[in-house]
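J.: My structure is below; once you've seen it, I'll send some questions.
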Amino acid sequence: MTVFVRTSYDGPVYPTMKDYAAMVTATIRVMCETVLAMGMVYVVSFAGVVVVGCIGMSQIPWSILRVLVLLVGGLAVLLMAYWRYNFARLSKLPGKLEPVSKSFEERNIRMRVLNLDGAMLRQSSLLEKYRAKVYDVSEVGPHVRMGCGYEHYKWLESRMTKSFGCEIDGKDRECLVTFYGSNDFHHVALALIRRIRQPVNMVLFDTHPDWLVNPFGQHCGSWYNLVMDLPTVQQGFHFGACSGEFEDEVLMHVSPWNHIESGKLRVFPTSNMLQAGRWQNVETPTLRPPGCTRNLTIERARVLLKPYREVLASFPLYITLDKDCMGRWYCLQNWNSGDLTLTEVCIIIEVLVEYAEGRLLGIDVTGDWSGVDVRGWMREILHEQQHDEEQNKIDCKIADAVNERTNLLL
Numbered sequence: 017m018t019v020f021v022r023t024s025y026d027g028p029v030y031p032t033m034k035d036y037a038a039m040v041t042a043t044i045r046v047m048c049e050t051v052l053a054m055g056m057v058y059v060v061s062f063a064g065v066v067v068v069g070c071i072g073m074s075q076i077p078w079s080i081l082r083v084l085v086l087l088v089g090g091l092a093v094l095l096m097a098y099w100r101y102n103f104a105r106l107s108k109l110p111g112k113l114e115p116v117s118k119s120f121e122e123r124n125i126r127m128r129v130l131n132l133d134g135a136m137l138r139q140s141s142l143l144e145k146y147r148a149k150v151y152d153v154s155e156v157g158p159h160v161r162m163g164c165g166y167e168h169y170k171w172l173e174s175r176m177t178k179s180f181g182c183e184i185d186g187k188d189r190e191c192l193v194t195f196y197g198s199n200d201f202h203h204v205a206l207a208l209i210r211r212i213r214q215p216v217n218m219v220l221f222d223t224h225p226d227w228l229v230n231p232f233g234q235h236c237g238s239w240y241n242l243v244m245d246l247p248t249v250q251q252g253f254h255f256g257a258c259s260g261e262f263e264d265e266v267l268m269h270v271s272p273w274n275h276i277e278s279g280k281l282r283v284f285p286t287s288n289m290l291q292a293g294r295w296q297n298v299e300t301p302t303l304r305p306p307g308c309t310r311n312l313t314i315e316r317a318r319v320l321l322k323p324y325r326e327v328l329a330s331f332p333l334y335i336t337l338d339k340d341c342m343g344r345w346y347c348l349q350n351w352n353s354g355d356l357t358l359t360e361v362c363i364i365i366e367v368l369v370e371y372a373e374g375r376l377l378g379i380d381v382t383g384d385w386s387g388v389d390v391r392g393w394m395r396e397i398l399h400e401q402q403h404d405e406e407q408n409k410i411d412c413k414i415a416d417a418v419n420e421r422t423n424l425l426l
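Counting the sequence shown from 1 gives a position; the working numbering is that position plus 16.
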């Protein structure tokens, strides 16, 4: 079965000089943001001291200067090797691949809360109704919020394993629903998905790409590309694209085109097809009818997903949902919002589960508002740069009421 259809194809697309220039710009931009997220204070400080020292000490012997240059170069090589190793590590499973579970007919739904920021603890009606078990890892939250280095991410994974009491999800006869607070933590989804050791089809709801290739650390906008690299993921979907990042001239150069153009990752924007640059060679059908203000219907959802019915029926389904794909009347959270309605999200999930023959392995949900609490001045800078101040001026009680209502309806 071929599940990827091109509307047109004129041979491979080779990069032009403009592409190379954009790649350099993208690399510098991503490096700056991720260095801030990682906490590379000591590296930057050391390099700064060396440069200032070399400039200020005009009498320094050439032999000593050469040694300093070699030291800085050697440090840079070691750092790149460290980054590359950890980037590759996160795209692999920490254990062996297991066969597809056969016991979906008797599965129970179990809700759990991974407490990183306290956002879910204030939704008492939701917790009581579904008897959710709370796993507290709040000491890690401020150190990984928005972005973090590999060591903090390892700490997060080890704390999750210790709190959950096991290393693997999906083996028991249950469908796990995991809530974990603000979408500043959406990169935590990668840690949850790495706990699954059987083949799955992966679904992401998000108004942002969340797939920017970034070897220098983890960020809430750069993790889905690593999910697509996992050997467990057979087919990937992205629903709700509704931000300029998808067609940004710079960010397009750090997108996972190997998965997009091969068809392993299929993108369904809300209302407007993606047409800039290499998107011209990729089919991106809109969820809503083109040129129409009508919302998505279940009939249209079935038509859009029909080409993937066979692959959806072949493997269990895992869904990661960032509620920022919906308008702010459904969800008040820390980022800009998309345009889907709650009904449209539920329709897509219903059709996906229908085509997967009821085999839903799990779902994680983020996008609940919490006041920003970060550790480290670099994450403070990320907060100042990337959060919209007006969107974060939200009354906590109003946000909790809106978000709890949506979570209960989900």
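Think of the CB as a built atom: it goes at the ideal place given N, C-alpha and C, for glycine as much as any other residue. On a predicted model such as this, the values are computed, not experimentally measured, just so you know.
Can you name the start and end residues of the beta strand (DSSP E) that G256 belongs to?
T.: That run of the beta strand (DSSP E) goes 249-257.
J.: Apart from the five residues just before and just after L358, which ones in its own chain have a Cβ nearer than 8 Å to its Cβ?
T.: Only M342, Y346, T422, L425, L426 meet the Cβ criterion.
J.: Can you tell me the Cα-Cα spacing of R344 and S353, whole angstroms?
T.: So the two alpha carbons sit approximately 6 Å from each other.
J.: Considering only C-alpha positions, which residue in the set D411, A92, S271, D152 is nearest to R128?
T.: Of D411, A92, S271, D152, the residue nearest in Cα terms is D152.
J.: What runs of the alpha helix (DSSP H), each 4 residues or longer, lie entirely inside the region 208-242?
T.: Here no run is fully enclosed.
J.: Under a three-way DSSP split, which group does D411 fall into?
T.: If DSSP states are grouped into helix, strand and coil, D411 belongs with coil.
J.: Out of curiosity, what's the CA-to-CA distance linking L220 and A92?
T.: For L220 and A92, the distance between alpha carbons rounds to 35 Å.
J.: How would you write the range of the alpha helix (DSSP H) that K149 sits in, first residue to last?
T.: K149 -> not in any alpha helix (DSSP H); beta strand (DSSP E) instead, spanning 149-152.
J.: Among residues of its own chain, excluding the 5 on either side of A207, which ones have a beta-carbon nearer than 8 Å to its beta-carbon?
T.: Excluding positions up to five away in sequence, the list reads Y169, L172, E173, M176.
J.: What is the residue span of the alpha helix (DSSP H) that C362 lies within?
T.: Per DSSP, C362 belongs to the alpha helix (DSSP H) from 358-371.
J.: Let me make sure I understand the geometry here. Which of E400, V193, V216, N350 has the alpha-carbon closest to that of F201?
T.: Checking every option, the nearest Cα to that of F201 belongs to N350.
J.: Which partner residues of M127 appear in the DSSP bridge assignment?
T.: Answer is V193, bridged to M127.
J.: Between the C-alpha atoms of V283 and S386, what's the straight-line distance to the nearest angstrom?
T.: Roughly 29 Å between the two C-alpha positions.
J.: I believe Q234 touches K280 by the beta-carbon criterion, under 8 Å. Please report the beta-carbon distance rounded to the nearest angstrom.
T.: Not a contact, Cβ separation roughly 22 Å.
J.: List the residues that DSSP assigns as beta-bridge partners of E286.
T.: The amino acid at residue 286 is misidentified as Glu; the sequence shows Thr. Note: T286 sits in no beta bridge, so no partner.
J.: Whose C-beta lies closer than 7 Å to the C-beta of L356 among residues of the same chain, with five residues either side of it excluded?
T.: The answer, listed in chain order, is G256, T286, C341, M342.
J.: Tell me C164's beta-bridge partners as DSSP assigns them.
T.: Q234.
J.: Tell me which same chain residues have a C-beta within less than 7 Å of the C-beta of D338, skipping the five on either side of it?
T.: If we look at D338 and ignore the five residues flanking it on each side, its Cβ neighbours are N199, H202, F221, D222, T382, G383.
J.: Which residues bound the alpha helix (DSSP H) around G314?
T.: Before going on, a small fix: residue 314 reads as Ile here, not Gly. Note, I314: alpha helix (DSSP H), 314-321.
J.: Which partner residues does D338 have in the DSSP bridge list?
T.: In the DSSP output, where bridge partners are listed per residue, D338 has T382.
J.: Using 8 Å as the cut-off, can you tell me whether the region 191-198 makes contact with the region 132-152, which would need three or more C-beta pairs spanning the two stretches below that distance?
T.: Counting Cβ pairs under 8 Å, three or more are found: they touch.
J.: If you drop the 5 nearest sequence neighbours on each side, which residues of the same chain put their C-beta closer than 8 Å to that of W273?
T.: Hits under 8 Å: R294.
J.: State the Cα-Cα distance for the pair L95 and K149, rounded to the nearest angstrom.
T.: Roughly 40 Å separates the two Cα atoms.
J.: Going straight from the alpha carbon of K413 to that of K145, what length do you get?
T.: Whole-angstrom Cα-Cα distance: 19 Å.
J.: DSSP on L109, reduced to helix/strand/coil?
T.: Of the three classes helix, strand and coil, the one that applies to L109 here is coil, per DSSP.
J.: For L137, I'd like the list of residues in its chain whose CB is within less than 8 Å of its CB, leaving aside the five on either flank, ordered along the chain.
T.: So the qualifying residues of the chain are V129, N131, L143, V150.
J.: Between L376 and the rest of its own chain, which residues show a CB-CB distance below 6 Å, the 5 nearest in sequence each way excluded?
T.: For L376, where only same-chain residues beyond five positions count, the Cβ hits under 6 Å are C191, L333, V369.
J.: Compute the distance between the beta-carbons of Y166 and N241, then report whether it is under 7 Å.
T.: Taking 7 Å as the Cβ cut-off, Y166 and N241 do not qualify as a contacting pair.
J.: Taking DSSP as the reference, what is the three-state secondary structure of L424?
T.: L424 falls in the helix class under three-state DSSP.
J.: Answer with buried or exposed for G186, where buried requires no fewer than 16 other C-beta atoms within 10 angstroms of its C-beta.
T.: Label assigned to G186: buried.
J.: Quickly, what does DSSP pair L333 with across the bridge? List them, please.
T.: Note: L333 sits in a beta bridge opposite N217, L376.
J.: Taking Cβ positions, are T248 and I276 nearer each other than 7 Å?
T.: No, these two residues do not count as a Cβ contact at 7 Å.
J.: Can you find the residues in the same chain that come closer than 6 Å, C-beta to C-beta, to V57, ignoring five residues on each side of it along the sequence?
T.: Unreliable placement is indicated for V57, whose pLDDT of 43 sits below 50; the coordinate value is still reported in the next sentence. If we look at V57 and ignore the five residues flanking it on each side, it has no Cβ neighbours.
J.: Shortest alpha-carbon distance to H159 belongs to which of G392, E263, E114, N297?
T.: Of the listed residues, the one whose Cα sits closest to H159 is G392.
J.: Roughly how many angstroms separate the alpha carbons of Y371 and F331, rounded to a whole number?
T.: Spanning the two alpha carbons is a distance of roughly 10 Å.
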